[in-house]
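Peer 1: Protein chains in written order, with full-length UniProt numbering: chain S, 1 to 230; chain F, 1 to 288. For each residue, glycine too, the CB sits at the ideal point set by N, CA and C. I am attaching a structure below and will ask some questions about it afterwards.
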Amino acid sequence: MLAVKDLEVRYGGITAISGVSIDVAEGETVLLIGANGAGKSSLINAIIGLVQASHGSVRFAGRDLSAVSCDGRARAGIGYSPEGRRVFPTMSVADNVLSGACWHGGASQRQAWAWLCGIFPILKERASQPAGQLSGGQQQIVALARAMSSFPKLLLLDEPFLGLAPVWIAQISEAIRHMQQRGTTILMTEQMARPALKLATRGYVMRGGEVRRSGTVAEIRDVALAEEYL
Amino acid sequence: MQGFVATCLIGISLGAQYALLALGFTLIFGILGVVNFAHGGFYVLGGYLAYSAVTYLGMPYALAVICAALGTTLLGFLFERFVLDRVIDDHLATLMLTLGLYLMMSSGILVVFGPQSPAFAFPLTGVIHGHGFFVPIENLVVLGVCIVGILSIYGLIYYTDFGRALRALADDRAVATAQGLRPAILFPAAFALATGLAGLTGALVTPILSLAPHIGDPVLATSFLIVILGGLGSVGGATVAAFIVGMAEAFSAVYLGGSKGALALFVLVLVMLVVKPSGLFGHRVRGA
Numbered sequence: 001m002l003a004v005k006d007l008e009v010r011y012g013g014i015t016a017i018s019g020v021s022i023d024v025a026e027g028e029t030v031l032l033i034g035a036n037g038a039g040k041s042s043l044i045n046a047i048i049g050l051v052q053a054s055h056g057s058v059r060f061a062g063r064d065l066s067a068v069s070c071d072g073r074a075r076a077g078i079g080y081s082p083e084g085r086r087v088f089p090t091m092s093v094a095d096n097v098l099s100g101a102c103w104h105g106g107a108s109q110r111q112a113w114a115w116l117c118g119i120f121p122i123l124k125e126r127a128s129q130p131a132g133q134l135s136g137g138q139q140q141i142v143a144l145a146r147a148m149s150s151f152p153k154l155l156l157l158d159e160p161f162l163g164l165a166p167v168w169i170a171q172i173s174e175a176i177r178h179m180q181q182r183g184t185t186i187l188m189t190e191q192m193a194r195p196a197l198k199l200a201t202r203g204y205v206m207r208g209g210e211v212r213r214s215g216t217v218a219e220i221r222d223v224a225l226a227e228e229y230l
Numbered sequence: 001m002q003g004f005v006a007t008c009l010i011g012i013s014l015g016a017q018y019a020l021l022a023l024g025f026t027l028i029f030g031i032l033g034v035v036n037f038a039h040g041g042f043y044v045l046g047g048y049l050a051y052s053a054v055t056y057l058g059m060p061y062a063l064a065v066i067c068a069a070l071g072t073t074l075l076g077f078l079f080e081r082f083v084l085d086r087v088i089d090d091h092l093a094t095l096m097l098t099l100g101l102y103l104m105m106s107s108g109i110l111v112v113f114g115p116q117s118p119a120f121a122f123p124l125t126g127v128i129h130g131h132g133f134f135v136p137i138e139n140l141v142v143l144g145v146c147i148v149g150i151l152s153i154y155g156l157i158y159y160t161d162f163g164r165a166l167r168a169l170a171d172d173r174a175v176a177t178a179q180g181l182r183p184a185i186l187f188p189a190a191f192a193l194a195t196g197l198a199g200l201t202g203a204l205v206t207p208i209l210s211l212a213p214h215i216g217d218p219v220l221a222t223s224f225l226i227v228i229l230g231g232l233g234s235v236g237g238a239t240v241a242a243f244i245v246g247m248a249e250a251f252s253a254v255y256l257g258g259s260k261g262a263l264a265l266f267v268l269v270l271v272m273l274v275v276k277p278s279g280l281f282g283h284r285v286r287g288a
């Protein structure tokens, strides 16, 4: 489903990631773990097209994305929930969620809204409230629902559990399981890997902008324990 | 009391015209982050397009107004798509380009039509008398069109997918783009909408006020004043501020005299900005 090969991202003279290669098969949930500054978000941003890779390639569903714009990648079926939530603060919860599906047409939007309200009842309760007024956990739900609303084939989740209370972690985990049951392929990053490891099937460990280790959840858990990501 | 009512009506009419004009200006700033120095130029162009359609093509005035709005919409779309879009994140470049466009438009109009104000009259004349006051019919017609225009813009921005996409881009362009929203189409469309509004206002208002190649300067200044007063990028703020400016202009002109009116207006804005520097409804409109 996703093949990243020898990817390099530079910000001016600083190399954020270098020689990164990862694969994510259809239906898998793959976890990227690493400390702050390891290059996880740069990798996610390069996959969705928010930053331009200076070297290497990203292939999604067999298609080279090098010449595809960021919005084109989203429309090709990649959903994205950014680090730090980044909800649209002045827009209502409903508008936030549906902005991720507003290029799909009315019927699909209604279907997405009904489905998401079933998973996250808080969306319906707060539908008309500006998203900027919500708590961190509520905003994370809005950001995740926004990414899910277009029924993506691949879901990129950048630190979905960051700074959340256990009650919100449980809700986000439940939503990710919903997506897994739909057969959605998921690539997520985490610094604190404990809840993410329960959801993942495989993982990569990043450090200093490079992939240092890959393996099964059990193998990654050992590394995470050794490097205090748990 | 009668003078008060008449002045109120004039103020409301002016406010509606200003609101229609300023909505476009604030939309462009809020969504694209561009201060459009050519906004007054599109107003003038709208007036001249309507004038030409009526005078040289013999079109009915209503149809000429529509053609003028469509003409400025098309020009705005092409300008954003093929010129502005390349440098959209470079504030100095966008400033220079829009200023350059304004100079080109006003100079071009000067070359084609000459410096004199053409005879361009509103097709409906007459007054409606109330209890001791009267209102010119053309002002009421323009007020009606402006109110329909303002409500249409509100409907478009707050109740359609297009508007939702524009607001998302205004809040956080990067994340909105990563949700599949297409700035390559939405930015020119937003710019075209704004320039179309300026052209519509010019076509409607210049037969009542005046039409000349350089009347874009005060129009730009008024638009600036309104969006600063309302809060940069705020659609609601621009509308409220437009009516405040319209009323202030009408009352100060009647009770203080023409030249003192403008001074009173600028003092009002200065006081407002000292008390609330972000404007009436100011908020952060662009995400990181």
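Any idea which residues DSSP pairs residue 206(S) with across the strands?
Peer 2: BP columns for residue 206(S) point to 211(S).
Peer 1: Just how far apart, CA to CA, sit residue 22(F) and residue 116(F)?
Peer 2: One C-alpha to the other measures close to 27 Å.
Peer 1: Going along chain S, which residues have a C-beta under 9 Å from residue 222(F)?
Peer 2: Those do not exist, as residue 222(F) stays about 26 Å from chain S at its closest Cβ, beyond 9 Å.
Peer 1: Whose CA, out of 275(F), 20(F), 235(F), 36(F), lies closest to the CA of residue 158(F)?
Peer 2: Cα-wise, what sits closest to residue 158(F) is 235(F).
Peer 1: Could you tell me the distance, in whole angstroms, from the CA atom of residue 246(F) to the CA atom of residue 135(S)?
Peer 2: Looking at the two C-alpha atoms, the distance is approximately 40 Å.
Peer 1: Taking Cβ to Cβ, would you say residue 93(S) is nearer than 7 Å to residue 129(S)?
Peer 2: Closer than 7 Å, so yes.
Peer 1: Going by beta-carbon coordinates alone, are residue 138(S) and residue 29(S) separated by less than 7 Å?
Peer 2: Not a contact, by the Cβ cut-off of 7 Å.
Peer 1: Identify the continuous beta strand (DSSP E) that holds residue 234(F) and give its terminal residues.
Peer 2: Careful: residue 234(F) lies outside any beta strand (DSSP E) and carries neither H nor E.
Peer 1: Taking the straight line between their C-alpha atoms, what separation do you get for residue 8(F) and residue 249(F)?
Peer 2: Approximately 10 Å between the Cα atoms of the pair.
Peer 1: Taking contact to mean at least 3 C-beta pairs separated by less than 8 Å, is the stretch 133-151 of chain F in contact with the stretch 71-81 of chain F?
Peer 2: Too few Cβ pairs lie closer than 8 Å, so no.
Peer 1: Could you name the residues of chain S that residue 177(F) contacts, counting a contact when the two beta carbons are closer than 7 Å?
Peer 2: Simply 70, 71.
Peer 1: State whether the stretch 59-75 of chain F contacts the stretch 185-204 of chain F, with contact taken as three or more CB pairs (one from each stretch) at a distance under 8 Å.
Peer 2: Taking 8 Å as the limit for Cβ pairs, the verdict is that the stretch 185-204 of chain F does touch the stretch 59-75 of chain F.
Peer 1: I'd like to check one pair, residue 152(S) with residue 231(S): are the Cβ atoms closer than 7 Å?
Peer 2: Because chain S is modelled from 1 through 230, residue 231(S) falls outside the range shown and cannot be assessed.
Peer 1: State the Cα-Cα distance for the pair residue 207(S) and residue 121(S), rounded to the nearest angstrom.
Peer 2: For residue 207(S) and residue 121(S), the distance between alpha carbons rounds to 38 Å.
Peer 1: Is the shortest distance between the beta-carbon of residue 171(F) and the beta-carbons of chain S less than 7 Å?
Peer 2: With 7 Å as the cut-off, residue 171(F) counts as an interface residue toward chain S.
Peer 1: Starting from the C-beta of residue 26(S), find all residues in its chain whose C-beta is less than 7 Å away, skip the five residues before and the five after it, and write them out in chain order.
Peer 2: So the qualifying residues of the chain are 1, 185.
Peer 1: State the CB to CB distance for the pair residue 174(F) and residue 32(F), rounded to an integer number of angstroms; the pair is presumed to be in contact (CB under 8 Å).
Peer 2: No, residue 174(F) and residue 32(F) are not in contact; Cβ-Cβ is about 14 Å, not under 8 Å.
Peer 1: What is the rounded straight-line gap between the Cα of residue 42(F) and the Cα of residue 102(F)?
Peer 2: Roughly 8 Å separates the two Cα atoms.
Peer 1: So, for residue 158(S): in the same chain, excluding its five sequence neighbours on each side, which residues have a beta-carbon less than 7 Å away from its beta-carbon?
Peer 2: Closer than 7 Å at Cβ, skipping near neighbours: 41, 44, 81, 82, 83, 189.
Peer 1: Can you name the residues of chain F whose CB is closer than 7 Å to the CB of residue 32(S)?
Peer 2: Near residue 32(S) there are no residues of chain F at all, since even the closest Cβ is about 18 Å away, more than 7 Å.
Peer 1: Which residues of chain S have a Cβ atom closer than 8 Å to the Cβ of residue 180(F), listed in chain order?
Peer 2: In chain order: 71, 74, 75, 100, 103, 150.
Peer 1: Under a CB-based cut-off of 7 Å, is residue 217(F) close to chain S?
Peer 2: Answer no: the Cβ-Cβ gap between residue 217(F) and chain S never drops below 7 Å.
Peer 1: In the DSSP assignment, the beta strand (DSSP E) including residue 156(S) goes from what residue to what residue?
Peer 2: Residue 156(S) -> beta strand (DSSP E) spans 154-158.
Peer 1: In this structure, does DSSP put residue 36(F) in helix, strand or coil?
Peer 2: In this structure, residue 36(F) counts as coil in the three-state DSSP scheme.
Peer 1: In angstroms, rounded to a whole number, what distance separates the CA positions of residue 133(S) and residue 251(F)?
Peer 2: If you take the alpha carbons of residue 133(S) and residue 251(F), they lie about 39 Å apart.
Peer 1: When we look at the beta-carbon of residue 7(S) and count the other beta-carbons within 10 Å, is it buried (16 or more) or exposed?
Peer 2: Buried.
Peer 1: Output, in chain order, the set of chain S residues within a Cβ distance shorter than 7 Å of residue 81(F).
Peer 2: Within 7 Å Cβ-Cβ: nothing; residue 81(F) doesn't reach chain S, min ~15 Å.
Peer 1: Just checking: is the beta-carbon of residue 161(F) within a distance shorter than 7 Å of some beta-carbon in chain C?
Peer 2: Within the model displayed, chain C is absent; protein chains S and F are what it includes.
Peer 1: Which class does residue 82(S) belong to by DSSP, given the choice of helix, strand or coil?
Peer 2: Coil at residue 82(S), not helix or strand.
Peer 1: Quick one: Cα of residue 209(S) to Cα of residue 117(S), how far?
Peer 2: In a straight line, the C-alpha of residue 209(S) is about 38 Å away from that of residue 117(S).
Peer 1: Hey, residue 281(F) and residue 233(F): beta-carbon distance below 7 Å or not?
Peer 2: No, the Cβ-Cβ distance between residue 281(F) and residue 233(F) is not below 7 Å.
Peer 1: Taking any Cβ of chain F, which residues in the stretch 44-61 of chain S have a Cβ under 9 Å from it, in chain order?
Peer 2: Listed in sequence order: 45, 48, 49, 50.
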